[in-house]
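This report concerns only the one structure given below.
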Amino acid sequence: MTDAKEPPEKKVRVDVPKLLYFNFPGKGECIRLAFHYGGIPFEDYRFSSREEFTKMKESGELQFGQVPALVVDGKTLTQSALSSVSWGSGQGCTPKILCSRPM
């Protein structure tokens, strides 16, 4: 149990989902909107260049080489329809619950 008077760097950190997409709306926007609408904190990571995306794709970091992608508890989830429905459905899907479900 953490003490409320502890400095922020000593408090337990809860990881938030990390959305990987380009710096424009496109297919990632529905996921961004679902997170905002649901009040779900997330990291909105936007590639700084096409080369950065290509490097991640070629390294295998992106499942199926696709974006948008969500990184949750070290697992990469792709395909925006699944992600936006899961996050925006209001069915109690949290990152840990979603990752524990069979795909």
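Residues in the sequence shown are numbered from -7 upward in steps of one, following this note's numbering.
All residues carry an ideal CB built from backbone N, CA and C; glycine is no exception.
For residue i, the first and last residue of its enclosing beta strand (DSSP E)
i: Leu69; result: Lys67 to Thr70
DSSP-derived helix/strand/coil call for residue i
i: Leu11; result: strand
i: Glu35; result: strand
i: Leu62; result: strand
i: Phe16; result: coil
Exposed unless 16 or more other CB atoms sit within 10 angstroms - verdict on residue i
i: Thr(-6); result: Because the pLDDT at Thr(-6) is just 48, under 50, the model does not fix this residue reliably, and the point stays unresolved.
i: Tyr13; result: buried
i: Leu90; result: Only weak support is given to the placement of Leu90: the predicted model assigns it a pLDDT of 49, under 50, and the question is left unresolved by the model.
i: Phe56; result: exposed
i: Pro60; result: buried
i: Phe34; result: buried
i: Phe16; result: exposed
Residue i: first and last residue of the uninterrupted alpha helix (DSSP H) it sits in
i: Phe45; result: Arg42 to Ser51
i: Gly57; result: Taken as a continuous stretch (DSSP letters only), Gly57 belongs to no alpha helix (DSSP H), as it is neither H nor E.
i: Gly20; result: Here Gly20 belongs to no alpha helix (DSSP H), and DSSP marks it neither H nor E.
Residue nearest to residue i in terms of C-alpha spacing, selected from the options
i: Val8; options: Leu69, Thr68, Val64 and Gly31; result: Val64
i: Gly31; options: Thr70, Ile23 and Arg38; result: Ile23
i: Glu21; options: Leu62, Lys67 and Thr68; result: Leu62
i: Asp36; options: Leu25, Lys49 and Thr46; result: Leu25
i: His28; options: Glu53, Arg42 and Leu11; result: Leu11
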